[in-house]
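See below for the structure under consideration.
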Ligand SMILES: Cc1cc2nc3c(=O)[nH]c(=O)nc-3n(C[C@H](O)[C@H](O)[C@H](O)COP(=O)(O)OP(=O)(O)OC[C@H]3O[C@@H](n4cnc5c(N)ncnc54)[C@H](O)[C@@H]3O)c2cc1C
Ligand SMILES: Cc1cc2nc3c(=O)[nH]c(=O)nc-3n(C[C@H](O)[C@H](O)[C@H](O)COP(=O)(O)OP(=O)(O)OC[C@H]3O[C@@H](n4cnc5c(N)ncnc54)[C@H](O)[C@@H]3O)c2cc1C
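Protein chains in written order, with the numbering used here: chain F, 728 to 1035; chain E, 2 to 466.
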């Protein structure tokens, strides 16, 4: 395996990793390598086409792709070496990661390694939802890629599971994809996002909001035909051909776990001190890898607090 | 029309599960006029896709049964076959754990039973040995057995490899072809199937859950299949390093019980349940089933239950009204029914194939081997092996083997392209998954589903949904 060295190695080219790389480059002008496993850096905002990004960090109201581009360009301009299509897949030493890419295998050692691998939404199976296994199940993440990046068919009638901020992002995406949302299902007694969002979106998109309701089953052969929810011990069947599982986040903690970093059992994020250093010296964690889930601008502002 | 040479085959095998594929492959060694037909859009897409994927030694089989014999033989055959065709097998071994005095007392009987099956390598182990092997089991294990030769295998590549290899040697495969009616005049069967008819002088019924229905069509009503559902939970890859062996309970009259097993793809599986159901298509998971498993799992290893769940699924065993495998050669009817291959058919498949061919040879319906199958190396899917993404030589030959598309399962672009252009091209996303592992990981498509769909559209002649 080929080998190389850097002063700072950042894993993950979402807003957190990119913003930190840019910030560090300004401060120390050291040799920084940033790894991104996708062919384009930018992280989740790359496929979140609606506006909602940049408010607190850039004092602008912009779409995800514009926001992602801003940080990719900033990091590049400052001279951060960004390796795309490059996955860090395991540790080969306390400060060395094994990576793979179309250029082959490469071991990268660094004085300091920062994990910025983000978080994803739990999908149907991880939530242990019983029933059949039809087509038509999404997370907001896969829904947005389907809709915005690749313009593929989604469905016609959707039920959204969850009512976090991201659930409203799913609502807008479904609308954009020409899918009618018929219901939003929340297990708590009220929305987990801004209360003010409920009424206007209900009026605009015409869906039913079920609170205190639990999804108990998915039905359908081949394609989803309905979901069954339970409210006050009553079973309600909602016909639909699309189900979007939103929120219920899990940090992408694979490298953190493989490196035997101490993990918070509740959130499954690596434990960090006030300077974002993990239980392993010189290994740091930032962004949405650290729960609770944050918006992108919050992640970016947080990275400014790190002192390396 | 019915007897046109195009539709005629010397042998027709109904059902392309692992058993039907093995039989068809074995017959193809002797005959160049064999058809294998299945109602589904892929081989191995019914019960054969949803099992616990253990290569069974047969230590716990009932001695003297055909099942016991074919499992023992099939074990050796499949182990060698897997080696020759690059199908991943991990030699984990199994530990059978006794959690109370009654179970502890049962161990001697199980050892005796293993010996009666001519399996001699099992031995007793103490409680402290158990925890040396498996520190993440809950406290309370009193003792157990080590069965060093129970292994885990890649279950999907097996059917695909059998069928692909045989196709190269002349087998004709018909998918999406459900058999609806069988008639016989003189010595010829006329088979009416969806979209097609066949004529043949010999039928092998390997229709799994529907082997009783096909038996009916052949004019018999001895066999009755009662599906027994098994639900399973697959835990995240990060659980894998917590377990080294397959961990078995002491079997009861009700069956083998719920086990914890590493999977060849680097996960840990918990299950299966065993519940009789009526509908042969009812492969749903249920609230009760999943709860039973979680409770059971929590008694065995609370450390396992802390891990994230990657997948849940259910498979239907073809249990029957027979006490053994039902392999019935009806000479006067020119047919063999292979049914009730309940919970060991992956392991025994090649032995069943040989057994069927021996019956045919005894009747001089097959004589000399005409073609030697050429080995058919499968893509490496086992997590413990040299997968494409970390295969330096492969990537330098073709950089697309270093371009990961599915991050959870680390499936590369070129592997997907290869599978889409393989001998039996997948016709659905799940078919592609069984050939590559794509989209079977923890994110369930959060990151790559859309990208994979795009690749499918670019690379397949027919449109896959
Ligand atoms: C549907 C949706 C809508 C949203 N809407 C908004 C909004 O309107 N406004 C807002 O502010 N926030 C929004 N968010 C939240 C925002 O996207 C996140 O806060 C932000 O992306 C977090 O940045 P991050 O860098 O921590 O993680 P991510 O953006 O997830 O980036 C992590 C990166 O690491 C890479 N990576 C992971 N593992 C490896 C590895 N082993 N090797 C190499 N690379 C790796 C990944 O490919 C990814 O690019 C939304 C989120 C979602 C899902
Ligand atoms: C939960 C579970 C766990 C198991 N664990 C193990 C294990 O660890 N090790 C092991 O060795 N075995 C195991 N087994 C058993 C093993 O999976 C089966 O014995 C084996 O898959 C049976 O293969 P088959 O070819 O007989 O049946 P199937 O795979 O069901 O194939 C039968 C085929 O016939 C086709 N068919 C049916 N009707 C028609 C028709 N009218 N026309 C055309 N085609 C038709 C079907 O579509 C199907 O593809 C397990 C089974 C289950 C359910």
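All C-beta atoms, glycine included, are put in the ideal place defined by N, C-alpha and C.
Everything numeric in this text was worked out from a predicted model, so none of it was measured.
Check: Of the choices F/962, F/847 and F/735, whose alpha-carbon is the least far from that of residue 940 of chain F?; Outcome: F/962
Check: Give the range of the alpha helix (DSSP H) segment to which residue 409 of chain E is assigned.; Outcome: Here residue 409 of chain E belongs to no alpha helix (DSSP H), and DSSP marks it neither H nor E.
Check: Does the beta carbon of residue 781 of chain F come closer than 8 angstroms to any beta carbon on chain E?; Outcome: no
Check: Quick check: the Cα distance between residue 111 of chain E and residue 412 of chain E, rounded to an integer number of angstroms?; Outcome: 41 angstroms
Check: Just mark residue 394 of chain E as buried or exposed, buried being the case when its beta carbon has 16 or more other beta carbons within 10 Å.; Outcome: exposed
Check: Along the stretch 798-817 of chain F, what residues have a CB closer than 8 angstroms to any CB found in chain E?; Outcome: 812, 814 and 816
Check: Do residue 891 of chain F and residue 974 of chain F have their C-beta atoms closer together than 8 angstroms?; Outcome: yes
Check: For residue 447 of chain E, which residues of its own chain have a beta-carbon under 7 angstroms away from its beta-carbon, when the five flanking residues on both sides are left out?; Outcome: none
Check: I'd like to know whether the C-beta of residue 988 of chain F is nearer than 8 angstroms to at least one C-beta of chain E.; Outcome: no
Check: Could you give the distance in angstroms between the alpha-carbon of residue 219 of chain E and the alpha-carbon of residue 328 of chain E?; Outcome: 14 angstroms
Check: So, is the C-beta of residue 329 of chain E closer than 8 angstroms to a C-beta in chain F?; Outcome: no
Check: I'd like to know if the stretch 44-60 of chain E and the stretch 399-410 of chain E are in contact, where contact means that at least 3 CB-CB pairs between them fall below 8 angstroms.; Outcome: no
Check: What first and last residue would you give for the beta strand (DSSP E) that runs through residue 263 of chain E?; Outcome: 260-263
Check: Listed from N- to C-terminal order along the chain, which residues in the stretch 299-327 of chain E have their beta-carbon within a distance smaller than 8 angstroms of any beta-carbon of chain F?; Outcome: 307, 309, 310, 311, 312, 313 and 314
Check: Could you say if the stretch 807-814 of chain F and the stretch 753-769 of chain F meet the contact criterion of at least three C-beta pairs nearer than 8 angstroms?; Outcome: yes
Check: Does any heavy atom of ligand 2 sit closer than 7 angstroms to the C-beta of residue 792 of chain F?; Outcome: no
Check: Would you say the beta carbon of residue 273 of chain E comes nearer than 7 angstroms to a heavy atom of ligand 2?; Outcome: yes
Check: Quick one: does the C-beta of residue 51 of chain E sit closer than 7 angstroms to a heavy atom of ligand 2?; Outcome: yes
Check: Would you verify that the beta carbon of residue 446 of chain E is, or is not, closer than 8 angstroms to some beta carbon of chain B?; Outcome: The displayed structure is made up of protein chains F and E, and chain B is not among them.
Check: If we define contact as Cβ-Cβ less than 8 angstroms, is residue 978 of chain F a contact residue for chain E?; Outcome: no
Check: Please classify residue 233 of chain E: does DSSP put it in a helix, a strand, or coil?; Outcome: strand
Check: Could you tell me the distance, in whole angstroms, from the CA atom of residue 738 of chain F to the CA atom of residue 843 of chain F?; Outcome: 6 angstroms
Check: I think residue 731 of chain F touches residue 833 of chain F, with their Cβ atoms under 8 angstroms apart; what is that distance to the nearest whole Å?; Outcome: 6 angstroms
Check: Do residue 762 of chain F and residue 826 of chain F have their C-beta atoms closer together than 8 angstroms?; Outcome: yes
Check: For the stretch 225-247 of chain E, list every residue whose C-beta sits within 7 angstroms of some C-beta in chain F, in sequence order.; Outcome: 239
Check: Is it right to say residue 1031 of chain F is buried, meaning 16 or more other beta carbons lie within 10 angstroms of its own, or is it exposed?; Outcome: exposed
Check: For residue 376 of chain E, tell me which candidate among E/161, E/185, E/324 and E/333 has the shortest Cα-Cα distance.; Outcome: E/161
Check: Answer yes or no: does any C-beta atom of chain F fall closer than 8 angstroms to that of residue 50 of chain E?; Outcome: no
Check: Comparing the CB of residue 979 of chain F with every heavy atom of ligand 1, is any distance shorter than 7 angstroms?; Outcome: yes
Check: Looking at residue 145 of chain E: is its Cβ nearer than 8 angstroms to the Cβ of residue 126 of chain E?; Outcome: yes
Check: For a contact meaning CB atoms closer than 8 angstroms, what does residue 853 of chain F contact in chain E?; Outcome: 309, 310, 311, 443 and 445
Check: So is residue 428 of chain E in contact with chain F if we call contact Cβ pairs under 8 angstroms?; Outcome: no
Check: Within the continuous beta strand (DSSP E) that includes residue 330 of chain E, where are the two ends?; Outcome: 327-331
Check: Contact criterion: CB-CB distance below 8 angstroms. Does residue 1007 of chain F meet it with respect to chain E?; Outcome: no
Check: Can you confirm whether the stretch 8-28 of chain E touches the stretch 275-294 of chain E when touching is taken to mean that 3 or more C-beta pairs between the two stretches lie within less than 8 angstroms?; Outcome: no
Check: Return the CA-CA distance between residue 273 of chain E and residue 231 of chain E, expressed in angstroms with no decimal places.; Outcome: 5 angstroms
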